[in-house]
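First comes the structure, then the notes that go with it.
In our numbering, the protein residues as written are 1121 to 1693.
Dropping the structure here:
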């Protein structure tokens, strides 16, 4: 009965076509250790397929600790997906019988469980089975996100730059490090606490997420929000891992958003990070647009003509314009339209247009578009213009060490962009023109971005998308080893499976405002025609990077890495 049941589990992986016969035979006998040793001798593709079989078999025998340990060795995103799929657990009575088919004997002290617990809890790279020294017997519009536009050229800086103090910040006494390694029972700090420099291991993050999913649980708040990281200042590209580092003043919950206590920046969500990595890997932007239909613009032009000829009373102009344009279409591209990310981008786009037309108050000294029209009334009024506004990437500057292992990014990664189109009677698009009022509004909006973001958390959430996108673009560009590539692919594969899905509207009502401004005895109204959000990760970085040797001191961040492998984040001291 044991052989039959195990064989069914193996067939269920979908990888049996390339399964290694000795691995299969070991699994049929319940010899997981021998199966693992054999799998690790195989070529990469066959190895990952065999390891996926082992994970499923271990899970089927109610051995989740060993399954998690085996899963960490799988690089292929496809094999990881196979290994983490749902499988029925074998009853405890069946599981207890595995002793008779393994090493012989029906009654023995379960030292292997203790060994598995220790080897699965303490950094596996330290054990001889994995090459270590330890021995023990018995895891374009509206919004437009393009990964390729998130970073600028990397700049070479003088050796006297203040970043030299990083060596002092990151250095720890070896004795303290050793004590931390030995203190296995110590509890990690609260992820909402402040830190001068918090470090997140993407490899351990991936394994922690897979472990939660594999055990039928839901990733917790810390895992879903990258331990409170709201800004990514450093990216460290290691041979087998990629580290993200940034400062946090402490995380608080505000209007449903986890955000930094001082800056108001939203904590970066895991599903957003995965989406930006996928976009970077595929070189495909994502975002949303909100556009009026051609028929709506044609009807709007006719309505405007009636207002100008006084055929339509000016007091009814705004409502008439809303009726003429009708509902505007929402399009989400490059990411699932029913994801929380899509809903956030649409809401940010919609809210921005409401700010422009004074539906919501601008914070501080910031002016909305209509107030700018008032300010420049002596220079005339806008006439027959369609104002288009959208969020896109603002390239961050980057500098790196000589070995291009440590990268530092600075700058706000998102900006508002604008464009004007001349309205025509047939509702056609693309007749571009310039309007200094629109340019002034966009400039002031970007200058006061921090105040706007602090007042309306939706923009803090939007900036977190571009923060993640810049890190994704950098990792894609410089993480080239097979281990790094496999890590990025496995993180990208989480883009769809790590989200909670929701309903996103397909249309929104047109915004139209009758603004009471008089110029040469005429009244004017402004119609927001379209806009959106676009994220292209490659546009968040500068095109060239400059070397800065002292950044190599950041590699010491790894010295604080906890020996407990489930600790996927830590504070650099």
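Glycine included, each C-beta is placed from N, C-alpha and C at the ideal position.
Every value quoted in this text rests on a predicted model; they were computed, and no experiment measured them.
- The C-alpha of residue 1482 lies about 7 Å from the C-alpha of residue 1572.
- One thing to note: residue 1379 has its Cβ no nearer than 8 Å to the Cβ of residue 1344.
- Judged by their CB atoms, residue 1386 and residue 1346 are not nearer to each other than the 8 Å cut-off.
- Spanning the alpha carbons of residue 1411 and residue 1197 requires a straight line of approximately 37 Å.
- Taking 8 Å as the cut-off, the beta carbon of residue 1476 is found closer than this to the beta carbon of residue 1489.
- C-alpha of residue 1487 to C-alpha of residue 1311: approximately 38 Å in a straight line.
- Out of 1403, 1479, 1328, 1512, the CA that lies nearest to the CA of residue 1597 is found in 1403.
- Shown here, residue 1321 sits in a strand according to DSSP, grouped into three states.
- By the criterion of a C-beta distance shorter than 6 Å, residue 1538 is surrounded in its chain by 1509, 1558, 1562, once the five residues flanking it on both sides are discounted.
- Per DSSP, the continuous alpha helix (DSSP H) segment holding residue 1466 begins and ends at 1460-1476.
- If you draw a straight line from the Cα of residue 1553 to the Cα of residue 1518, it is about 34 Å long.
- Residue 1405 counts as buried, since at least 16 other C-beta atoms from the protein chains shown sit within 10 angstroms of its C-beta.
- Shown here, residue 1202 sits in a helix according to DSSP, grouped into three states.
- Between residue 1171 and residue 1199, the C-beta gap is smaller than 8 Å, which places the two residues in contact.
- For the stretch 1402-1455, the full-length alpha helix (DSSP H) segments reaching 4 residues or more read 1414-1428, 1437-1445 along the chain.
- Linking residue 1453 to residue 1179 through their CA atoms gives a straight-line distance of about 37 Å.
- Considering only 1376, 1364, 1428, 1314, the residue with the shortest C-alpha distance to residue 1382 is 1314.
- Contact check for residue 1392 and residue 1515: beta-carbon distance about 19 Å, past the 8 Å limit, so the pair fails to qualify.
- When only Cα atoms are considered, residue 1689 and residue 1318 end up about 7 Å apart.
- Judged by their CB atoms, residue 1615 and residue 1413 are not nearer to each other than the 8 Å cut-off.
- Taking C-beta separations shorter than 8 Å and ignoring five residues to either side along the sequence, the partners of residue 1564 in its chain run 1486, 1487, 1492, following chain order.
- For residue 1531, same chain residues with a beta-carbon under 8 Å away, outside a window of 5 residues either side, are 1272, 1514, 1515, 1516, 1517 in chain order.
- Closest by C-alpha distance to residue 1161, out of 1593, 1150, 1143, 1175, is 1143.
- Distance from the CA of residue 1329 to the CA of residue 1159, rounded to the nearest whole angstrom, comes to 24 Å.
- Each of 1578, 1425, 1560 was checked against the Cα of residue 1470, and the nearest Cα belongs to 1578.
- The beta carbon of residue 1357 is closer than 6 Å to those of 1525, 1598, 1599 in its chain, skipping five residues each way along the sequence.
- In the DSSP assignment, residue 1608 falls outside any beta strand (DSSP E) and lies within the alpha helix (DSSP H) extending over 1602-1612.
- Around residue 1568, the same chain offers 1486 as residues with beta carbons nearer than 6 Å, after the five sequence neighbours per side are excluded.
- DSSP places residue 1530 inside the beta strand (DSSP E), whose first and last residues are 1526-1530.
- Between residue 1400 and residue 1593 a beta carbon distance of about 5 Å is seen, short of the 8 Å cut, so the two are scored as contacting.
- Listed in chain order, the non-local C-beta contacts of residue 1581 below 8 Å within the same chain comprise 1377, 1386, 1464, 1468, local neighbours out to five positions each way being set aside.
- A distance below 8 Å between beta-carbons, with the five flanking residues on each side excluded, links residue 1575 to the following residues of its chain, in chain order: 1483.
- In this structure residue 1601 is exposed. Its beta-carbon is surrounded by fewer than 16 other beta-carbon atoms within 10 angstroms.
- Separation of residue 1520 and residue 1527 (C-alpha to C-alpha, rounded to the nearest whole angstrom) is 4 Å.
- Taken atom to atom, the span from the alpha-carbon of residue 1443 to that of residue 1420 is near 9 Å.
- Secondary structure at residue 1692: coil, using DSSP grouped into helix, strand and coil.
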